[in-house]
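Taking the numbering used here, I'd label the letters of the sequence shown as residues 128 to 352.
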Amino acid sequence: MRLLVVEDESLLAQQIKEQLQQQQFSVDVAADGEEGWFKLSEYPYDLAIIDIGLPKMDGLELIRKARQKSLKTPIIVLTARGSWQEKVEGLDAGADDYLTKPFHTEELLARCNALIRRAAGQPEPTLSAGPIALNSRTQQVWLAENEVSLTAYEYKVLEYFMLNPNKVISKTELTEHIYDQDFDLDSNVIEVFVLRLRKKLDPEGEHKPIETLRGRGYRFTMNVA
């Protein structure tokens, strides 16, 4: 999943980025509201974390602008401790959740994962499709009762597939959601990840969970519950 952090405190922004990257998120950072709006409107983020007090364009204006442009990206707003007015204003502007600074990393991760699942219509942390099960909280994957060892990027690809079942997903879309902003979009590594996933998740070729659509991309064809 690809996230945007809009925070003008450089140290805090870097800390959030590193904490999220440790949990296999791809993270872009913007240091002010104008840069945040440019990135949010140009790139397909799965979630945005936006501070209220931003230079050039404050967080509330940024959120309102995003919602006025019908951007459906889930948004967590960062507010000052004890400022219930900021929480209310953030939610009224169109934020989906709020977090009070300072906060614990575990709470930030839990809120991020919950919002991403909710946006995909999957409220539970465990996604199941036939013999395949994925827990987004622990980042574990099972085939029947056997845990499957996946690399970080194999996991990211599978998670995106399972959050978007039966949707045609291009290689470009996959790349944009699992890599940071400056990654080479012409890379063919997506094909490698998909090939590895097929071998690990369907070694006998029985289920064929990932369909290749020539010239269009891929589709995860198993029903997800």
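We treat Cβ as the ideally placed atom computed from N, Cα and C, and that holds for glycine. Note that the coordinates shown come from a computational prediction; the quantities given were computed from them, not determined experimentally.
Apply the 10 Å Cβ neighbour rule to residue i and answer buried if 16 or more other Cβ atoms are within range, or exposed otherwise.
i, result
"residue 219", "exposed"
"residue 279", "exposed"
"residue 291", "buried"
"residue 237", "exposed"
"residue 234", "exposed"
Nearest to residue i by CA position, among the options, is which residue?
i, options, result
"residue 305", "293, 215, 320 and 294", "320"
"residue 157", "151, 144 and 150", "144"
"residue 298", "345, 253 and 274", "345"
"residue 341", "152, 296, 139 and 246", "296"
"residue 257", "197, 199, 328 and 172", "328"
"residue 154", "137, 174 and 246", "174"
"residue 326", "230, 343, 351 and 277", "277"
"residue 214", "186, 281 and 240", "186"
"residue 203", "197, 177 and 253", "177"
"residue 227", "241, 210 and 293", "210"
To the nearest angstrom, how far is it from the Cα of residue i to the Cα of residue j?
i, j, result
"residue 225", "residue 332", "44 Å"
"residue 347", "residue 269", "17 Å"
"residue 146", "residue 232", "7 Å"
"residue 322", "residue 287", "16 Å"
"residue 255", "residue 263", "11 Å"
"residue 365", "residue 159", "In the structure displayed, the chain extends from 128 to 352; residue 365 sits before or after that span and is not available."
"residue 267", "residue 197", "34 Å"
"residue 140", "residue 259", "35 Å"
Report, in whole angstroms, the separation of the C-beta atoms of residue i and residue j, which I expect to be a contact under 8 Å.
i, j, result
"residue 128", "residue 243", "6 Å"
"residue 284", "residue 301", "6 Å"
"residue 201", "residue 223", "5 Å"
**Request:** Spell out a yes or no on whether the stretch 181-198 and the stretch 157-168 are touching, meaning 3 or more CB-CB pairs, one atom from each, closer than 8 Å.
**Result:** For the pair of segments examined, the stretch 181-198 was found to touch the stretch 157-168: the number of CB pairs separated by less than 8 Å reaches three.
**Request:** Please confirm if the stretch 133-143 is in contact with the stretch 173-187, defined as three or more CB-CB distances below 8 Å between the two stretches.
**Result:** In this structure the stretch 133-143 lies against the stretch 173-187, because at least three pairs of beta carbons, one per stretch, are closer than 8 Å.
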